[in-house]
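**Student:** Input: one structure, supplied below.
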Amino acid sequence: MGLTATEPFSLVVFGGSGHLAKMKLYPSLYVLALKNRLPKDYAVIGFARTEMSDAEFRALVEESIRTAFSEVTQKALTEFLDHVRYVSGEYDQQSSFEELRKQIERLEGKSSDWVRMMYLSVPPSVFSPILKNVCVAKIHDPKRAFRCIIEKPVGHDAASAEALIGELTGCFKEEDVFMLDHYLGKEAVRNIYYLRYANPILERLFKNTLIHHVEITAHESAGIENRAGYFEQAGALRDMLQSHLLLIMALLTMRLEGDEDFRFARLNALEQIYLPPAPDLRGIILQGQYEGYTKEEGVAKNSRVNTYCALQLLSRTSRWQGVPFFLRTGKRLNKKETRISVLFQEPHKVGPGATPNRLDIILQGEAGMRLYLQTKVGGTEPQFRSLLLEDPLVCYGDCLPEHALLLLEAIHGKQQWFLSHGEVRAAWRIIDPLQVHLSQPSTPLHLYTSGSNGPAEADAWIGKHGTQWMN
Ligand code: BG6
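Residues 1 to 471 in our numbering are what the sequence shown lists, from first letter to last.
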């Protein structure tokens, strides 16, 4: 059996009736219960403002699980729900947190070996009072195992991220803080690193003398899904590029280190990303917005928030120097697809039909790998075609949903696949100047049709960089 939680734990979910908790956390916890990955003693405590009984909250949790899965095993579900409790309270009231602490103590009994976990599944605007009250109400006890989990984006820009890190470290030790980017819980994303690690032949090809450019695409068919309040503040650059896509680039460009230095190597790769001075940003980024975005509920009628972004970045590492990375993401596009395409240098002039070698790593959509080689077709004249080596990235065994895997690792105190403070800072160092540039009224915002491939200008833009998207 793979990683299993053996220590008893109490998990408080702040924002217990919210979108993230219902969409991701409860279904993930159910999967862990179903796969016998949870200990005998544990408690999941929802905390939110709405008054609710334990029974009403369990009904909400059950509904979220039934919505997530077409088939549910009743025994596992009932057993899981037995561990679920609810506390209602105000995020800015110490008395609510004292009540919460008493409930946690009742559930934990006299034992001091329970791991206490706080999951902030709430908008960043309430992080601050929650963190303060967890500390002053002594829910956090420095003598016992403790985890504070927060989801990306950590802050809104470098300054707010720094303030948040300050609040976190003001109360907790760095090893107690788990900054979660769910992309780092995806098997296929982790596999970027392991593909390089386990395949020296591939790893030797990953260098600037052989690679022409790399494309990282994260297209979504969904729109903003009732999250206007958040998205209007964030936009696609902060929402998707700031963490998810930069981390994919880091996993491709980082040094292959052992477990010990893994996070440091990932940080180093982020720090090596080069951003030109402000006047030159114009050429490396392009933004778009889907038609109809400003008619979405909660969106300002004159909103200039981007729902599409394309960006060209370079790494300063000697191995990758000069290789452009084209990152793009957008909402309401023609399909959901997350893909890396590594384009190798142009082949020698071998003959008609030959195209550059290419490696596609498809992370979402029909996840898999495709390597395009060139082969001569039979005949007296040299004529070539692509030979496609293709395999789906199937899950043979111990696959878990991303939040389930990350929760298990957090229970164990394993931080390798969580963001370090340095990584958060490094990502904002890249994003902040770009965001300033995009927010200027003079920066164009290109409209695109829902269900398309993004703005037509993005094709012309990459064309100016001497290549094209692999659509
Ligand atoms: C989240 C973003 O981090 O990632 C969402 O806030 C986005 O806007 C989502 O839709 C995409 O995640 P996934 O796992 O569906 O690719």
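Every residue, glycine too, gets a C-beta built ideally from N, C-alpha and C.
1) Based on the DSSP output, what are the partners of GLN287 in its beta bridges?
2) May I ask whether a heavy atom of the ligand BG6 can be found less than 7 Å away from the beta carbon of GLN364?
3) Ignoring anything shorter than 3 residues, give me the beta strand (DSSP E) runs that lie fully in the segment 167-248, in order along the chain.
4) Let me check you understand the geometry: is the CB of ALA222 closer than 7 Å to at least one non-hydrogen atom of the ligand BG6?
5) Might you give, ordered along the chain, the residues of its own chain that have their beta carbon closer than 7 Å to the beta carbon of GLU187, omitting 5 neighbours on each side?
6) Mind checking which residues open and close the beta strand (DSSP E) that includes ARG85?
7) When the Cα atoms are used, what is the spatial distance from ASN208 to GLY397?
8) Ignore the nearest five residues each way along the sequence and tell me which others in ALA218's own chain have a CB closer than 7 Å to its CB.
9) Quick check on DSSP: helix, strand or coil for ALA404?
10) Is the distance from the Cβ of LEU210 to the Cβ of PHE326 below 8 Å?
11) What residue range does the alpha helix (DSSP H) around THR67 cover?
12) Does DSSP put GLU488 in a helix, in a strand, or in coil?
13) Taking only the alpha-carbon atoms, compute the straight-line gap between GLN435 and LEU237 and give it to the nearest angstrom.
14) On the DSSP bridge assignment, give the partners of ASP92 in chain order.
15) Heavy atom of the ligand BG6 less than 7 Å from the Cβ of MET23, yes or no?
16) Between the C-alpha atoms of LEU314 and ILE284, what's the straight-line distance to the nearest angstrom?
17) Roughly how many whole angstroms lie between the Cα atoms of THR50 and VAL13?
18) State yes or no: is the C-beta of ALA265 within less than 8 Å of the C-beta of MET254?
19) How about HIS182 and HIS403: do their beta carbons lie closer than 8 Å?
20) Please identify the residue among TYR42, ARG263, HIS421 whose C-alpha is closest to the C-alpha of LEU168.
21) Indicate the three-state DSSP secondary structure (helix, strand or coil) for THR78 in the structure shown.
22) Considering Cα atoms alone, identify which of LEU81, GLN233, GLU7, PRO324 is closest to SER111.
23) Check whether the segment 447-459 touches the segment 286-293, counting contact only when three or more Cβ pairs, one atom from each stretch, lie closer than 8 Å.
24) Identify, in the order they occur along the chain, each residue of the same chain with its Cβ nearer than 7 Å to the Cβ of TRP114, setting aside the five sequence neighbours on each side.
25) Quick one, are the C-beta atoms of GLY451 and ARG332 less than 8 Å apart?
26) Tell me the DSSP secondary structure of TYR30 in three-state form.
27) Skipping 5 residues on each side, what residues in its chain have a beta carbon closer than 6 Å to that of ALA458?
28) Could you give the distance in angstroms between the alpha-carbon of GLY298 and the alpha-carbon of ALA161?
29) Taking the straight line between their C-alpha atoms, what separation do you get for ARG144 and PHE172?
30) What span of residues does the alpha helix (DSSP H) with VAL126 cover, start to end?
31) Is the beta carbon of ARG385 less than 8 Å from the beta carbon of GLY353?
32) Identify, in the order they occur along the chain, each residue of the same chain with its Cβ nearer than 7 Å to the Cβ of MET52, setting aside the five sequence neighbours on each side.
33) With C-beta atoms as the reference, is LEU25 less than 8 Å away from TYR119?
34) The alpha helix (DSSP H) spanning ARG425 covers which residue range?
35) Between THR307 and the ligand BG6, is there a pair consisting of the residue's CB and a ligand heavy atom that are separated by less than 7 Å?
**Tutor:** The structure says:
1) CYS309
2) yes
3) 177-180, 211-219
4) yes
5) CYS395, CYS399
6) 84-88
7) 36 Å
8) MET240, HIS244, LEU245, THR329, THR338
9) helix
10) no
11) 54-68
12) Here the chain comprises residues numbered 1 to 471, so residue 488 is not present and cannot be evaluated.
13) 7 Å
14) According to DSSP, ASP92 bridges with nothing at all.
15) no
16) 10 Å
17) 14 Å
18) yes
19) yes
20) HIS421
21) helix
22) GLU7
23) yes
24) PRO8, PHE9, SER10, GLU108
25) yes
26) helix
27) LEU286, ALA310
28) 25 Å
29) 12 Å
30) Neither: VAL126 is in no alpha helix (DSSP H) and is coded neither H nor E.
31) yes
32) TYR86, SER88
33) yes
34) 421-439
35) no
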